[in-house]
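Visitor: Below is one structure. I have some questions about it.
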């Protein structure tokens, strides 16, 4: 049943309903109506009889009218009386009075103008004013304004010259409301900037979109829902309106009258022809299609006219090929690190699409610049060269799918400061340039130069009027537009906002990504700032991959914590603002959310929001595969809904900045300041991957590499007459380095505990340096000579230097990831790879350089960036070969490794034990040249895991459940080969090949021979040898084995011999009987094989041979 809207005599109660509607209940008739939230303009306090209701609800409604041409649908402003309104609706829609840009009582000299463009779009501007805008102003009490109607293409220019500019010259504030397309605003900007008198009070500009393209309105959200433009008028905030200047060569002319007429570009004397704009400047296919479609016939089709014109350009009706636009393009960009501007020229002279824009959208669904934000002032270039018509249409189609075209191969999408085009086209048709819909034809061999900052480029000497809202800098002369509005939803009181950052990437085995996120509320354009920020991390891997555990697992560890968080320092119980938040098991397809509180304090002028810096870490949980990659997405926003929707439509997911994009222009292994995927100037985002985290701090670099003052390139040349014989040049002493090698346990990863351990060591070293410097400073202030100071010679004699940094060792912590997913290969294999890594790291400070393995070469590769890893990543800068293919000599290094320490966790302790034995065997002078300091093992099973495990676990380890490593930990006496099924069952019975009276040294448990020989010799040289053990609750590495308490090797020998004799059948039967009777199984005593005595007495020889394998 359809109900007609009530008259003013009916009274309604308003409640919030589902699906973005509100429900209005008619008390008298007992029925209700649903009103879409997007149609609601405001709630006004009722000035009439209180019995008729407390508020008036204004909203838009379409109504069908019958005329001679049939049925016509028009939109009107409707109202109903309400006596009861839900609180959340009042807070969202209540009109609290005219804003300052309309309120003449606050500013008596204020002039309000309404410009109705009768020629814009489909010609609905007049009816919109009559049916909606005029009634709205009548309701809200705005009656003092002037209405202007355009009659020709030059009407707005004439209006500016006759009315707006004289008023601005008099210093009177103005608010101009345009019921038009972009042309109304663009004409005003252009005319004002060309005014000869620059002492103007620029007007505030508001827009009710009535055009076809409506690029500016679409970008600013004025078309997001029907009442968006009206809400902006009533509740919008003032924001600077960016503009650009397009300066042409002297022969440039406007193209008018559907291309038939050329009109000069009028400018003050001695200035080049210049057109000012605020939306887009283009050349090539875009400019051509705008020019060709600007006819009466084409305009009948609205925005579809652009597609129709594009089809004709790509597929000319005369059968010729698609045109290749000839010209030279020069770009000026700004270095994101230094802020300096630099210029580049594109190599190609043929182009198809060249477009620079200040806005994201050229139509409602045509997202040409995905990273642009409304009124952010960033000028971005979209460019691609000649391509097939099909590919060109494909890329334009992708622009309608959330701006996906910018990720296509061959498309350049960058921030620019300036753009210059020198034309090489003989035909004027291909020299047409589009500036915000205006077409300019450039003369042959002419040019155009686009400058982003109009105020800085042309009007830098002007100042903002004191009565006008300041744009933040007295040297800027800018228009202001109504923006900063809040798009309201029936399901949330908070505004729907764009996300602050949107990042995506992937991590493989052992990889970690860290985002350091800083937010400065003072720089945010939204006021007041939010009390908390919302974080969302999603594992974007396909949900079916949850079952692929042995190929992954495809899970993530995610955490969010303050940058100042110290796990070793407690916090007050009542302070939870800095509590870390984490999710240890984020499955494929799952999401995790966190919040970042924004602290505030009470200031003299109100609440002051303080900056915050937090870290977000995403760590791979993959352990079984080197090829598995877990994808993720990170969103941070001001409200919950912005991170749920990303502030974009579903097709806009490609807007996220990919992890690999950050290292396109930055060396691998360095922290990156993100410029992509960051959508607020209040945000600073630093990105680290595994390589950059483990290469911090970097190894000392020479002056040439640092590029610091004092490098040879920066030192002025000496005069020919300078006397250099008295003071010969001295080489700077090499920096001493104490290398700390971390080795992980079972899966050889460098995330989680290993990264925590590394950064804890780095922090402790930094604190030690600070304390040492403070002690030196105090001794100097007290007048005592610093015993660590040393004398240096200069031209005036001896002087005392207190800079002893060169004498102090710099602690560098590094880890080796080359053993990831190789756990089952055995301790010998893993230890040998670690040893070679260390030998390469320390060469030539120690003399031995291992031969490169042809099958795997992890020691000469650059560390790969996260998301595109090489097979192995050793994370050692010193492993990189020079350009001639050889390693640097000792004299070429600005540092020298003088000491070394080892820290191993769990299995890592055994791996590093084998590694030092291997090093001692192959480089006997290593530990004499490089001083061994610390050998530390954390919960390392030095005595294996044989006694603590049940018999079936023991058999599983022996049979290779965890490969050779499991046999090593299970103290397996079998040789490293797979025994035949029958041999494994019956043991040694029936095996005539080898007598049981002779033992093979290679079949002895590795953990028995490892402490002997080279390892024992090296361990004795370490200054400190430390083991850490868990006394209780360690179900993997019990106290006995990690603390070296006791192991009866002789008794274990007899047990193993009995096992061999019994085979699996006999051993399992004996074990089963013991379990049933509760008795201990006994092993028969046997004489000690003579071969074992020989091995024990001369074990060092056998051990060395085993280590040399």
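Residue numbers (the UniProt record's numbering): 1 to 1109.
In this text, a Cβ means the ideal position worked out from N, Cα and C, and glycines have one as well.
#1: Going straight from the alpha carbon of residue 920 to that of residue 775, what length do you get?
#2: So, with DSSP's three-state summary, where would you put residue 366?
#3: Determine the closest residue to residue 965 out of 1006, 930 and 928, with distance taken between C-alpha atoms.
#4: What number of angstroms, rounded off, separates the C-alpha of residue 101 from the C-alpha of residue 129?
#5: Just to confirm, are residue 399 and residue 375 a CB contact at a threshold of 8 Å?
#6: Going by other Cβ atoms of all chains shown within 10 Å of its Cβ, with 16 needed for buried, is residue 601 buried or exposed?
#7: Report the partner residues of residue 630 according to the DSSP bridge assignment.
#8: Cβ of residue 519 within 8 Å of Cβ of residue 643?
#9: Measuring only the C-alpha atoms, how far is residue 95 from residue 84?
#10: How about the stretch 345-365 and the stretch 213-231: do they share at least three Cβ pairs that are nearer than 8 Å?
#11: What number of angstroms, rounded off, separates the C-alpha of residue 553 from the C-alpha of residue 626?
#12: Below 8 Å on the Cβ atoms is my guess for residue 209 versus residue 175; work out the distance and round it to an integer in Å.
#13: Could you give the first and the last residue of the continuous alpha helix (DSSP H) run that contains residue 896?
#14: Taking the Cβ atom as the reference point for each residue, do residue 148 and residue 159 lie within a distance shorter than 8 Å?
#15: In this structure, does DSSP put residue 132 in helix, strand or coil?
#16: For residue 144, which residues of its own chain have a beta-carbon under 7 Å away from its beta-carbon, when the five flanking residues on both sides are left out?
#17: Using a 10 Å radius around the Cβ and a threshold of 16 neighbouring Cβ atoms, would you call residue 11 buried or exposed?
#18: Could you tell me which residues DSSP puts in a beta bridge with residue 1150?
#19: Between the Cα of residue 901 and the Cα atoms of 1023, 232 and 686, which residue gives the shortest distance?
#20: Would you mind working out which of 944, 963, 907 and 1013 sits nearest residue 924, comparing C-alpha positions?
#21: Just the C-alpha distance for residue 736 and residue 895, rounded to the nearest angstrom, thanks.
#22: Helix, strand or coil: how does DSSP classify residue 38 here?
#23: If you measure between the beta carbons of residue 35 and residue 56, is that distance less than 8 Å?
#24: How would you write the range of the beta strand (DSSP E) that residue 1028 sits in, first residue to last?
#25: Return yes when the Cβ of residue 195 is within less than 8 Å of the Cβ of residue 246, no when it is not.
#26: Would you call the stretch 236-244 and the stretch 254-271 touching, i.e. three or more CB-CB distances under 8 Å?
#27: Cα-Cα, which of 676, 699, 659 and 326 is closest to residue 690?
#28: Identify which residue in 569, 270, 441 and 169 has its Cα closest to the Cα of residue 290.
#29: Fully enclosed by the stretch 120-173, which beta strand (DSSP E) runs are 3 residues long or longer?
#30: Looking only at its chain, what residues have a beta carbon closer than 7 Å to the beta carbon of residue 197, apart from the 5 residues adjacent to it on each side?
#31: Would a C-beta distance cut-off of 8 Å place residue 118 and residue 150 closer than the cut-off?
#32: Can you name the residues that DSSP bridges to residue 180?
#33: Let's test the definition: count the other Cβ atoms within 10 Å of the Cβ of residue 352 and tell me whether it reaches 16, buried, or not, exposed.
#34: Kindly indicate the opening and closing residues of the beta strand (DSSP E) around residue 592.
#35: Can you tell me which residues form a DSSP beta bridge with residue 534?
#36: At a cut of 8 Å, does the stretch 415-423 reach the stretch 387-402 through at least three beta carbon pairs?
Guide: Checking against the coordinates, here is how it stands:
#1: The straight-line gap from Cα to Cα measures roughly 39 Å.
#2: If DSSP states are grouped into helix, strand and coil, residue 366 belongs with coil.
#3: For residue 965, the closest of 1006, 930 and 928 by C-alpha to C-alpha distance is 1006.
#4: Their Cα atoms are separated by approximately 19 Å.
#5: With contacts defined by Cβ atoms closer than 8 Å, residue 399 and residue 375 do not form a contacting pair.
#6: With fewer than 16 Cβ atoms within 10 Å of its Cβ, residue 601 is classed as exposed.
#7: Paired residues: 507.
#8: No; because the gap between Cβ atoms is not below 8 Å, this pair is not in contact.
#9: The straight-line gap from Cα to Cα measures roughly 16 Å.
#10: Contact between the stretch 345-365 and the stretch 213-231 is present, because at least three Cβ pairs lie under 8 Å.
#11: Rounded to the nearest angstrom, the gap between the Cα atoms of residue 553 and residue 626 is 11 Å.
#12: About 17 Å separates the two Cβ atoms, so there is no contact after all.
#13: Annotation for residue 896: no alpha helix (DSSP H) segment contains it, though the beta strand (DSSP E) segment containing it runs 895-905.
#14: A contact, by the Cβ cut-off of 8 Å.
#15: If DSSP states are grouped into helix, strand and coil, residue 132 belongs with the helices.
#16: Taken in chain order, the residues that qualify are 104 and 112.
#17: Flag for residue 11 reads buried.
#18: Outside the shown range of the chain (1 to 1109) lies residue 1150, about which nothing can therefore be said.
#19: It is 1023 whose Cα lies nearest to the Cα of residue 901.
#20: The residue with the shortest Cα to Cα distance from residue 924 is 1013.
#21: Spanning the two alpha carbons is a distance of roughly 6 Å.
#22: It is helical.
#23: At a Cβ-Cβ threshold of 8 Å, residue 35 and residue 56 do not count as neighbours.
#24: DSSP places residue 1028 inside the beta strand (DSSP E), whose first and last residues are 1024-1028.
#25: At the C-beta level, residue 246 and residue 195 stay beyond 8 Å of one another.
#26: The stretch 236-244, when compared against the stretch 254-271, does not touch it at the 8 Å Cβ threshold.
#27: Closest in alpha carbon position to residue 690, among 676, 699, 659 and 326, is 659.
#28: Residue 290 has its Cα closest to that of 441, out of 569, 270, 441 and 169.
#29: Listed in chain order, the complete beta strand (DSSP E) runs (minimum 3 residues) inside the stretch 120-173 are 146-149.
#30: If we look at residue 197 and ignore the five residues flanking it on each side, its Cβ neighbours are 169.
#31: Yes, the Cβ-Cβ distance between residue 118 and residue 150 is below 8 Å.
#32: According to DSSP, residue 180 bridges with 209.
#33: The residue is buried, with at least 16 neighbouring Cβ atoms inside 10 Å.
#34: Element bounds for residue 592: 591-597.
#35: Answer is 595 and 637, bridged to residue 534.
#36: With fewer than three CB-CB distances shorter than 8 Å, the stretch 415-423 does not count as touching the stretch 387-402.
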